[in-house]
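Going by the UniProt record's numbering, 120 is the number at position 120 of the sequence shown; the sequence numbering is gapless.
Every residue, glycine too, gets a C-beta built ideally from N, C-alpha and C.
Worksheet: the structure to be examined is printed underneath.
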Amino acid sequence: MSRTLPNIIITGTPGVGKTSHCELLAERTGLKHLSVNDVVKAKECHEGYDEEYQSWIVDEDKLLDAIEDEVKQGGCIIDWHACDLFPKSWIDLVVVLRVKSEVLYDRLTERKYPELKLQENLDSEIMEVLLQEARDSYDEEIVVELQSNDAEQMDENVDRIEAWLKQWKENNS
Ligand code: DAT
């Protein structure tokens, strides 16, 4: 089965700018912003709430079942801080957003993250955990690393993804 529109994952450590990028990209392209966080909450794809981390414990099988029909139709921008759970066949582009530690520290402090969660996310960004996960899970030619330290970079990133989309449409028409 071939899609008439591609599916894009925007991933990265919490606070890196996934939601901001997805919203801007959805606005400019008409693709659908699929916030996994919202799906997990709305469709209860979780096994409860972890108080210490202040986050849902995601049931990945349930989540995949919940989004499968929609994603298979194409045209989704998937917004999630993990990417290894989605079947390779669903995905056309994986964007890994990156940010400098000091910028991430400020963003997560602003969000009032508990100390443990703050530290783990800073470590995860420094250790390039999401970038590695993306490279391990998808073909290298579909994985792109982009910087998200300021608004100008976000704008450039969205321009680049829009240009990629245009090319994808030409190649797949
Ligand atoms: P995520 O969805 O990855 O958790 P977000 O989009 O909610 O991140 O962004 C977290 C905060 O940082 C939010 O206040 C917007 C800001 N932000 C993110 N990326 C940015 C960028 N490239 N330039 C300026 N602000 C940014």
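With a CB to CB cut of under 8 Å and the five nearest residues on each side skipped, what residues in its chain are close to residue i?
i: G17; result: L97, V99, S148 and M154
i: S2; result: N172
Count the other C-beta atoms from every protein chain shown that fall within 10 angstroms of the C-beta of residue i, then say buried if there are 16 or more, exposed otherwise.
i: P6; result: buried
i: P87; result: exposed
i: N121; result: buried
i: G12; result: buried
i: E133; result: buried
i: L114; result: The sequence given here has Pro at residue 114, not Leu. Classification of P114: exposed, given that the 10 Å Cβ count is below 16.
i: G75; result: buried
i: Y138; result: buried
i: N157; result: buried
i: I57; result: exposed
i: G48; result: exposed
For the putative contact between residue i and residue j, defined by C-beta atoms under 8 Å, what is the C-beta separation to the nearest angstrom?
i: L118; j: T109; result: 7 Å
i: I77; j: I8; result: 5 Å
i: D106; j: S35; result: Not a contact, Cβ separation roughly 23 Å.
i: L165; j: T29; result: 6 Å
i: V144; j: R135; result: Actually they do not touch by this definition, with Cβ atoms about 11 Å apart.
i: W90; j: K72; result: 7 Å
i: L130; j: V95; result: 11 Å between Cβ atoms; not a contact.
i: E60; j: L85; result: 5 Å
By Cβ distance below 6 Å, which residues in the same chain neighbour residue i in space, the five residues on each side in sequence not counted?
i: R15; result: In the sequence as presented, Arg is not what sits at residue 15; that position holds Gly. These residues qualify, in order along the chain: L104, R107 and L108.
Q: Just jot down, in chain order, the residues whose CB lies closer than 5 Å to any heavy atom of the ligand DAT.
A: Taken from the N-terminal end onward, the list reads P14, G15, V16, G17, K18, T19, S20, R107, S148, D150, A151 and M154.
Q. Does the segment 159-170 come close enough to the segment 21-34 that 3 or more CB-CB pairs lie under 8 Å?
A. Touching, yes.
Q) Does the count of Cβ pairs from the segment 55-71 and the segment 25-45 closer than 8 Å reach three? A) Verdict: yes, contact present.
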